[in-house]
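First up is the structure itself, then whatever we jot down about it.
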Amino acid sequence: MAEATPPAGRQPASWSEIPRDLAGMVLGLLPAYADRACFAAVCLQWRAAARQLPLPPALQLLALPDGTFYSPALLPYSKPFRFPGFGCVGYKGAAFGSWLVFPRDKGCFLVDPFAGATVTLLALSSVRLRPPNAADNYVKYQEHVTLDIRDSKHVPTLNKLIMCSPNLVAAFVGTGHISQILMCQPGASSWSVRAYDPCAALEDMAFYHGKLYALADDENLLVVNISQDPSTGDPQVSRIGQVIKGDPDHLFDAWLPDDTTGRKKLYLESRGALLMVRRKVCCRMVDGTVVAGWIRSCLDSKLTSVNVTTLGDDQMLFLGRPCSRAVSASQFGMSNDQIFFLDDVMENSVQYDFDEENTSVNVYDMRSGEVSHPLPMVWKHEMIFATWMFPRD
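The numbering used here applies: residue 109 is where the sequence shown begins, and numbers increase by one.
So, in structure tokens, the structure goes:
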């Protein structure tokens, strides 16, 4: 069969000649971020269409420590892809949504690989204490231990970081069982911390309706009021109050016997309300250390102070220590009441040690109560974990 040739005097048609509205229709049928990136790489016209046309949200991504990304909704058929350049290898965590956290000297910087944006943050030892004359060490104040974060020999570990807005970054840091909340404005000269607030064992943190909420290990829900420093205009913690009194699990703080369960708690927003999710973890004792094996189930959920047994008609959760989010299931062609979760803990956790084995993502079905392991990829369980990422809408 002879190959078709263009009429004499005419150049072959170019991909760039496809009408923009048709390009938009094609883009709308590509839910995976990697496919949209390939589409935009064809020509300048398609790249402009990918940037300017309104599109449905791209599929959430699973980022692995080696810089590999997958689309969980497309597994087991999802192919791995990498971002160009340094490929996001070596990230330390996520800062909610589309930001990855990378260590740098004693500080860190944030990278949004989707937008190509970078934000540099100061070292944790660069802080502004309130009050300014606070003691430069660990002190006891009204029977509560407080933490001096300026001690360069004992700089606490960054456990959670949230890019709340372009002008506000919040974090909680800790050493062992104690944590404190810091905040700063990108480009500012220091972090702000209330030196004499009692240190709590914080589990998670969420930014909700313009306020910062923190979840303690006793399940107390704390609200962090934010004000401006009168001298610099930088954000600072003005007050920390309790919103909900929790129902602590006292066995969790004790040495756990063999074949028992501990709990991990995460906080996130779902349909305009805060949702607390408890994860039961199968544990055993090895040489006096609690070893977390595999996740047995995700059972108890808590919406404000009301227990719930369903996420609703069109909700599913992606849970992880660095980043969690509730998303619409139908827009990605998935089933509701599913919880995708990562087996992760905070780096400075003193409650768990992990077996030298590979781990992967698990999925809990709230309707059947079953846990499945549909995702084929695994990674070595070290102190750098996988994380969920959500491309900007």
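Every residue, glycine too, gets a C-beta built ideally from N, C-alpha and C.
As assigned by DSSP and simplified to three states, the class of residue i
i, result
"Y304", "coil"
"A296", "coil"
"P211", "strand"
"V469", "coil"
"A494", "coil"
"Y141", "helix"
"D220", "strand"
"N456", "Model confidence at N456 stands at a pLDDT of 42, short of 50, so the residue's coordinates are unreliable and nothing is read from them."
"H481", "coil"
"G205", "coil"
"R159", "helix"
"S476", "coil"
"R387", "strand"
"L152", "helix"
"G132", "helix"
"F177", "strand"
"Q439", "helix"
"S124", "helix"
"F280", "strand"
"C431", "coil"
"C196", "coil"
"P499", "coil"
"F147", "helix"
"E377", "strand"
"F189", "strand"
"L167", "coil"
"D325", "coil"
"L237", "strand"
Buried/exposed call for residue i, threshold 16 Cβ in 10 Å
i, result
"V197", "exposed"
"R429", "buried"
"N275", "exposed"
"Q293", "buried"
"D445", "buried"
"G201", "buried"
"R212", "exposed"
"S432", "buried"
"N241", "exposed"
CA-to-CA distance, residue j to residue i, given in whole angstroms
i, j, result
"T176", "P338", "44 Å"
"Q439", "L425", "14 Å"
"N328", "P239", "26 Å"
"L163", "A308", "43 Å"
"A494", "M271", "19 Å"
"V281", "S297", "18 Å"
"M384", "L310", "13 Å"
"V277", "I286", "20 Å"
"G224", "L208", "11 Å"
"F204", "C151", "31 Å"
"A381", "Q336", "27 Å"
"R155", "I289", "41 Å"
"S476", "T418", "11 Å"
"M474", "K268", "27 Å"
"M133", "G318", "36 Å"
"D129", "A149", "18 Å"
"D342", "A279", "15 Å"
"L266", "F210", "11 Å"
"V235", "F217", "17 Å"
"Y502", "T340", "A question about residue 502 goes unanswered here, because the residues of the chain that appear run from 109 up to 501."
"S443", "S436", "9 Å"
Sub-8 Å separation of residue i and residue j beta-carbons
i, j, result
"F191", "P221", "yes"
"V332", "V351", "no"
"L320", "D312", "no"
"L167", "A140", "yes"
"K214", "L232", "yes"
"R144", "L137", "no"
"L172", "S179", "no"
"V219", "T226", "yes"
"L376", "G349", "no"
"M497", "S300", "no"
Closer than 7 Å: residue i CB and nearest the ligand NAP heavy atom
i, result
"L266", "In the structure on display, the ligand NAP does not appear, and there are no ligands present to speak of."
Chain B contact for residue i (CB, 8 Å cutoff)
i, result
"V219", "In the displayed structure, chain B is absent; only one protein chain is listed."
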